[in-house]
Amino acid sequence: MITCSNCETPQFLQITQSRVYFEDGEMINEISESYECTLCGSTGQYVYDEDHDEERVSGDVELTTERPKYA
Ligand SMILES: [Zn+2]
Numbered sequence: 001m002i003t004c005s006n007c008e009t010p011q012f013l014q015i016t017q018s019r020v021y022f023e024d025g026e027m028i029n030e031i032s033e034s035y036e037c038t039l040c041g042s043t044g045q046y047v048y049d050e051d052h053d054e055e056r057v058s059g060d061v062e063l064t065t066e067r068p069k070y071a
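So for the sequence shown, the UniProt record's numbering puts the first residue at 1; every next one is plus one.
In structure tokens, the structure reads:
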């Protein structure tokens, strides 16, 4: 889940841009989303790299996991 690092809630985040990257015209291997917090105006970017099963965020957003720690 993506949350605003300033407000510490995902409640006011809006996706302002969403991109999906293709490889050889078929495989989706990267997803990029830009976020803006409508409450405080912070912006950030989320990238999911399917090849490496890796999630990255930059800017004023944070990545939090909802998975239980003991799972
Ligand atoms: Zn915010």
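Where is the CB? At the ideal position from N, CA and C, for every residue including glycine.
Practice task
Could you check how far apart the C-beta atoms of glycine 44 and valine 61 are, in whole angstroms? I think they sit under 8 angstroms.
Solution key: 3 angstroms
Practice task
Would you check whether ligand 1 has a heavy atom nearer than 7 angstroms to the C-beta of phenylalanine 12?
Solution key: yes
Handout entry: As assigned by DSSP and simplified to three states, the class of leucine 63
Key = strand
Problem - Residues bridged to cysteine 7 [DSSP beta-bridge criterion] - result: Paired residues: none, contrary to the question.
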